[in-house]
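With the numbering used here as the guide, the letters of the sequence shown map in order to residues 248 to 396. Glycine included, every Cβ here is placed at the ideal spot set by N, Cα and C.
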Amino acid sequence: MKEADFVRRRFPMVSSPSAASTPFLLLFRNTGPDVHQHLTAEQRLELTKQWNDWYDGLAARGQAIQGSPLGFEGRVLSGPQGRKVIDGPYAEAKEVVGGFVMVRAADLDEATELAKGCPGLPLGLTVEVRPLVPVSPVLEGVQAHAPQA
248 MKEADFVRRR
258 FPMVSSPSAA
268 STPFLLLFRN
278 TGPDVHQHLT
288 AEQRLELTKQ
298 WNDWYDGLAA
308 RGQAIQGSPL
318 GFEGRVLSGP
328 QGRKVIDGPY
338 AEAKEVVGGF
348 VMVRAADLDE
358 ATELAKGCPG
368 LPLGLTVEVR
378 PLVPVSPVLE
388 GVQAHAPQA
């Protein structure tokens, strides 16, 4: 793999669901664009290799579904009809989502163990582990009160 391909690598969607697995989202949070400024070019390439190796291991075991880093640019919307728009996710946040990996795991404990292998943890990155659910929690309990057809 050429260096340019290595750096621009995309994390493909892997489709080999195992029985009795639940999808979980691993959200990678950091403190912004300067988080890696102290690393040399060689260290950045090595870190990228570690990320690729970690993801490839998850994929080889049928645990990775999809993943991607996120760009630094973006917008944050809030308020009624999204009237408040702020350029960049870093404007008002101390930590922002820098990327994600969707994995398959038997339960939250297994997903947490998978997250512990994240190469960014030693650099201060945090990983939030969340299950994907079939119905929004907003609707929990609503069916009991819904009109019957």
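Residue i classed as buried or exposed, judged by whether at least 16 other C-beta atoms fall within 10 angstroms
| i | result |
| --- | --- |
| residue 273 | buried |
| residue 345 | buried |
| residue 319 | exposed |
| residue 376 | buried |
| residue 332 | exposed |
| residue 252 | In this predicted model, residue 252 has a pLDDT of only 47, less than 50, meaning its place in the structure is not dependable; the value taken from the coordinates is given anyway. When all chains shown are included, residue 252 counts as exposed. |
Span separating the alpha-carbon of residue i from that of residue j
| i | j | result |
| --- | --- | --- |
| residue 348 | residue 284 | 23 Å |
| residue 313 | residue 307 | 13 Å |
| residue 287 | residue 276 | 21 Å |
| residue 379 | residue 326 | 25 Å |
| residue 324 | residue 385 | 20 Å |
| residue 295 | residue 281 | 16 Å |
| residue 291 | residue 316 | 14 Å |
| residue 321 | residue 334 | 6 Å |
| residue 268 | residue 383 | 19 Å |
| residue 387 | residue 328 | 24 Å |
| residue 381 | residue 289 | 42 Å |
| residue 389 | residue 303 | 41 Å |
Beta-carbon proximity list for residue i, same chain, < 7 Å, skipping 5 on both sides
| i | result |
| --- | --- |
| residue 361 | 305, 310, 350 and 352 |
| residue 298 | 366 |
| residue 358 | 271, 350, 352 and 376 |
| residue 330 | none |
Cβ-based neighbour list, residue i, same chain, cut-off 8 Å, excluding 5 preceding and 5 following
| i | result |
| --- | --- |
| residue 342 | 276, 277, 278 and 373 |
| residue 371 | 277, 278 and 282 |
| residue 254 | Low local confidence applies: a pLDDT of 49 at residue 254 is under 50, so the model's placement there is unreliable, with the coordinate-based value given in what follows. Here the set comprises 292 and 295. |
| residue 249 | Any answer about residue 249 is weak, because its pLDDT of 49 lies below 50 and its placement is not dependable; what the coordinates show is given next. Nothing listed; no residue qualifies. |
Neighbourhood of residue i by C-beta, 6 Å cutoff - its chain only, sequence neighbours within 5 removed
| i | result |
| --- | --- |
| residue 301 | 364 and 366 |
CB contact flag (residue i, residue j, <9 Å)
| i | j | result |
| --- | --- | --- |
| residue 271 | residue 368 | no |
Strand pairing of residue i, partner residues [DSSP]
| i | result |
| --- | --- |
| residue 346 | 275 and 316 |
| residue 322 | 334 |
| residue 270 | 351 |
| residue 376 | 273 |
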